[in-house]
Amino acid sequence: MWAVSSNLSPGSPGEVELFSTPSGWHVYESTLRDLSRPGKYVANLDGAVKGSSLEGRVVFTVEKLQALNAGEVVTGISGDKIMDRSEFMKADAKRCDA
1 MWAVSSNLSP GSPGEVELFS TPSGWHVYES TLRDLSRPGK YVANLDGAVK GSSLEGRVVF
61 TVEKLQALNA GEVVTGISGD KIMDRSEFMK ADAKRCDA
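Shown next as structure tokens:
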């Protein structure tokens, strides 16, 4: 497991690069050092955007990440969907209206 948190930040960072701690945050668990072992990994997100709760989960493999083209992301609870990052980053009005 690799996990970061912040008691001081009012919201979530715009993005978190795996194994890099966002400014003002700290690592509170670091048993996962790299993605070298075969198998599935799970990324969990628990945060907030504009005061609204934001939770997410995606399962992925190293092979799936290596197969991505530039600008693509793995999405879906089981990591079964690949989409353009710009489409992924568009606001979902139903979720984001606060």
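At position 27 of the sequence shown the residue is numbered 27 (UniProt numbering), and the sequence of numbers has no breaks. Cβ atoms here follow ideal geometry from the backbone N, Cα and C, with glycine treated the same way.
- The beta carbon of G71 lies closer than 8 Å to those of D84, R85, S86 in the same chain, with the five residues before and after it left out.
- Apart from sequence neighbours up to five positions away, the residues of its chain that approach V62 with a beta-carbon distance below 6 Å are L35, ordered along the chain.
- By alpha-carbon distance to S78, the top candidate from L54, M89, G14, K40 is K40.
- Looking at the backbone, the Cα of M89 and that of A3 are separated by about 22 Å.
- In the three-state DSSP reduction, E87 falls in the helix class (H, G or I).
- Nearest to G56 by C-alpha distance, out of K64, L68, V74, is V74.
- For L54, the CB contacts under 7 Å within the same chain, skipping 5 residues up- and downstream, are S12, L45, G47, A48 in chain order.
- Considering only N7, I82, N69, F60, the residue with the shortest C-alpha distance to R37 is F60.
- DSSP places K40 in the strand class (E or B) of the three-state scheme.
- Under the three-state reduction of DSSP output, E63 falls in the helix class.
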